[in-house]
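**Q**
Number of protein chains: 2
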Amino acid sequence: MAPEESWEVNGTSTTPSTAEKLLVHHKENHFTAGEVVRDVILGVSDGLTVPFALAAGLSGANAPSSLILTAGLAEVAAGAISMGLGGYLAAKSEADHYMRELKREQEEIVTVPDIEAAEIGEILAQYGLEPHEYSPVVNALRNNPQAWLDFMMKFELGLEKPDPKRALQSALTIALSYVVGGLVPLLPYVFIPIAQKAMLTSIGVTLAALLFFGYVKGQFTGNYPLSSAVQTAFIGALASAAAYAMAKVIQST
Amino acid sequence: MAPEESWEVNGTSTTPSTAEKLLVHHKENHFTAGEVVRDVILGVSDGLTVPFALAAGLSGANAPSSLILTAGLAEVAAGAISMGLGGYLAAKSEADHYMRELKREQEEIVTVPDIEAAEIGEILAQYGLEPHEYSPVVNALRNNPQAWLDFMMKFELGLEKPDPKRALQSALTIALSYVVGGLVPLLPYVFIPIAQKAMLTSIGVTLAALLFFGYVKGQFTGNYPLSSAVQTAFIGALASAAAYAMAKVIQST
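Heads up: the sequence lines are chains L and E, in that order. Everything in the first sequence is counted per our numbering, starting at 406 for the first residue and increasing by one. Everything in the second sequence is counted per our numbering, starting at 406 for the first residue and increasing by one.
1) Near Gly623 (chain L), which residues of its chain fall below 8 Å by C-beta distance, leaving aside the five closest residues on each side in sequence?
2) Where are the alpha helix (DSSP H) runs, 4 residues long or more, that stay fully inside the region 478 to 553 of chain L, in chain order?
3) Can you give me the Cβ contacts of Ala500 (chain L) inside the same chain, cut-off strictly under 8 Å, excluding the 5 residues immediately before and after it?
4) Closer than 7 Å: is that where the CB of Gln511 (chain E) sits relative to any heavy atom of the ligand SAH?
5) Give the residues from the region 489 to 522 of chain E that approach chain L closer than 8 Å (Cβ to any Cβ), ordered along the chain.
6) Counting C-beta neighbours from all protein chains within 10 Å, is the total for Ser450 (chain E) 16 or more, i.e. buried, or is it exposed?
7) CB-CB under 6 Å to Leu447 (chain L), same chain, minus the five flanking residues each way: which ones, in chain order?
8) How many angstroms separate the CA atom of Thr475 (chain L) from the CA atom of Gly609 (chain E)?
9) Kindly indicate the opening and closing residues of the alpha helix (DSSP H) around Lys570 (chain E).
10) What is the residue span of the alpha helix (DSSP H) that Lys602 (chain E) lies within?
11) Could you tell me which of L:Gly477, L:Ile520, L:Leu529, L:Gly462 sits nearest to Ile525 (chain E), measuring between CA atoms?
12) Please list, in chain order, the chain E residues whose beta carbon lies closer than 9 Å to that of Asp451 (chain L).
13) Determine the DSSP secondary structure at Lys426 (chain E), reduced to helix, strand or coil.
14) With a 10 Å radius around its C-beta and 16 neighbouring C-beta atoms as the bar for buried, classify Met557 (chain L) as buried or exposed.
15) Closer than 9 Å, Cβ to any Cβ of chain E: which residues of the region 567 to 601 of chain L, in chain order?
16) With DSSP as the reference, label Pro469 (chain E) as helix, strand or coil.
17) Can you pull the chain L neighbours of Met558 (chain E), defined as C-beta to C-beta under 7 Å?
18) What's the C-alpha gap between Phe639 (chain L) and Asp519 (chain L)?
19) I need the DSSP call for Leu631 (chain E), collapsed to helix, strand or coil.
20) What's the C-alpha gap between Gly563 (chain L) and Leu554 (chain E)?
21) Check Lys566 (chain L) in the structure and name its three-state DSSP category.
22) Does the beta carbon of Glu433 (chain L) come closer than 8 Å to any beta carbon on chain E?
23) For Gln574 (chain L) and Gly439 (chain L), I'd like the C-alpha separation in whole angstroms.
24) Quick one: which chain E residues come within Cβ less than 7 Å of Pro541 (chain L)?
25) Whole angstroms are fine: how far does the CA of Ala576 (chain E) sit from the CA of Thr516 (chain E)?
26) Report the three-state DSSP secondary structure of Thr475 (chain L) (helix, strand or coil).
27) Report back the beta-carbon spacing between Ile473 (chain L) and Ala614 (chain L) to the nearest angstrom; my notes put them in contact at under 8 Å.
28) Buried or exposed, going by whether 16 or more other CB atoms sit within 10 Å of the CB of Pro550 (chain L)?
29) Can you have a look at Val441 (chain E) and say buried or exposed, based on whether 16 or more other CB atoms are within 10 angstroms of its CB?
Next up, the structure:
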């Protein structure tokens with residue numbers, strides 16, 4: 406077996422296996438949120454907030470529990486479909502967009518390679534690299550069309566290849582999360598026929614849910630959990646105050 | 406003035422100014438949607454759909470126009486705040502996240518430069534580049550800490566530096582768009598006291614708005630406008646059908 410090719414890095418000799426060892430043993434602590442977690446957060450966030458605010462607003466307008474439930478659950482159904490189906494179609498569109506950009510880039514590599522090669526240089530020059538430093542990269546890519554294409558998609562266009570299964574999974578996750586989130590503030594109205602009383606319970610459980618959920622969200626997204634909890638609860642409070650005020654105003658006209 | 410340094414690219418001699426001329430004269434036709442347009446689309450999309458569905462659902466439950474308006478406008482207020490304020494805080498969080506990752510990366514460049522340098526190699530090796538081809542890039546970056554940092558942020562972490570003004574602008578755009586979108590299906594209920602009649606008008610104007618808006622959305626996002634128009638209208642139709650059905654079910658129990 407041939408000895409490993411080593412290269413000079415700032416006067417120190419290193420080899421690929423040494424580099425790899427450095428990478429494996431050093432675990433950088435960068436946070437990456439799972440896509441499912443993100444979708445759950447998205448769905449539950451909205452589900453906890455808007456149905457809660459709507460129910461609180463209608464309670465303020467002295468509507469009976471049955472009507473509040475009607476409006477609330479109708480909104481949850483509509484919201485879940487809007488978010489879920491809307492998200493699904495948006496993801497599909499993104500996938501189509503990616504394929505079109507890929508095809509275009511592929512054509513340009515074949516028809517105007519000098520321009521594409523110049524673009525590689527332009528991208529790398531932004532990092533202070535001189536032509537004699539990046540030209541080996543340009544040449545290597547020119548001789549490897551697949552890698553060249555990947556490089557342009559990522560570094561010129563900033564596009565990642567979307568996973569086709571993700572669109573459906575994402576839509577279902579968001580829609581289901583929205584329903585679960587929406588049921589939290591609405592269930593009190595199922596069990597407590599007097600709307601004003603149900604509203605107090607709804608406020609209590611929803612506030613608790615918003616604080617808890619905001620805290621969890623903060624942990625998953627790498628932001629300060631306490632701050633996230635307070636912010637999430639605050640949005641819910643403000644949204645319901647606005648809904649309450651709006652309902653009072655309409656009722657008085 | 407010294408003559409421009411030229412370099413060999415696959416046997417052809419080229420210079421930076423030639424490359425630049427190639428780039429300027431060749432206009433690649435890649436689509437990029439403005440952030441404001443994206444926010445308007447986001448806000449109006451939801452604003453047209455959920456308030457419309459809620460109003461249609463409550464009409465199906467034989468609620469009077471006044472109550473439908475109460476519920477609808479309360480929902481618009483709550484939804485606008487949820488989307489707007491939620492979006493603002495999310496953008497702020499992203500900005501904080503970026504700053505924390507930037508700081509961490511900066512530290513790592515100072516404390517463990519060999520590992521960071523190995524990472525540059527790992528990133529470039531994914532594009533089929535050999536060590537002797539990418540080592541000039543690694544060395545150049547090692548000698549230019551600012552460029553090195555930018556390179557890692559973009560190519561390792563895929564993070565773009567967020568614009569601080571964008572968070573507020575984005576939130577206001579989304580919230581305002583949601584309100585405008587929501588008013589379209591609700592205004593008929595202001596002028597037509599009999600809910601069932603108002604609903605027919607609401608369906609008519611909202612369907613037209615969904616088709617038109619979906620078409621415009623398709624043009625801006627680079628997707629087929631007709632397909633986008635039909636999809637947008639379909640989501641609205643499905644959401645309102647679900648809300649209508651849900652309202653009927655609740656009313657009958």
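Here a beta-carbon is modelled for each residue, glycine too, at the ideal position from N, C-alpha and C.
**A** So, from the listed chains and residues:
1) Tyr629, Pro630, Leu631, Ser632, Ser633, Ala634
2) Qualifying alpha helix (DSSP H) stretches, in chain order: 518 to 530, 536 to 547.
3) Pro567, Pro569, Ala572
4) What this structure holds is no ligand at all, so the ligand SAH is not there to describe.
5) Taken in chain order, the members of the region 489 to 522 of chain E whose beta-carbon sits within less than 8 Å of a beta-carbon on chain L are Leu490, Gly491, Leu494, Ser498, Asp501, His502, Arg505, Glu506, Arg509, Glu513, Val517, Asp519, Ile520, Ala522.
6) Buried is the call here.
7) Ile579
8) 24 Å
9) 569 to 596
10) 600 to 626
11) L:Leu529
12) Gly484, Ser487, Met488, Gly491
13) Note that Lys426 (chain E) scores 45 on pLDDT, short of 50, meaning its location in the model is unreliable and no value can be drawn from it.
14) buried
15) For the region 567 to 601 of chain L, which is checked against every Cβ of chain E, not one residue is closer than 9 Å.
16) It is coil, neither helix nor strand.
17) What Met558 (chain E) touches in chain L: nothing, since even the nearest Cβ is about 11 Å away.
18) It is roughly 55 Å from the alpha-carbon of Phe639 (chain L) to the alpha-carbon of Asp519 (chain L).
19) helix
20) 18 Å
21) coil
22) The pLDDT assigned to Glu433 (chain L) is 35, lower than 50, so where the model puts this residue is not dependable; a value taken from the coordinates is nonetheless given after this. Chain E contact via Cβ: present.
23) 13 Å
24) Glu538, Pro541
25) 39 Å
26) Helix.
27) Their Cβ separation, rounded to whole angstroms, is 18 Å, which puts Ile473 (chain L) and Ala614 (chain L) out of contact at 8 Å.
28) exposed
29) exposed
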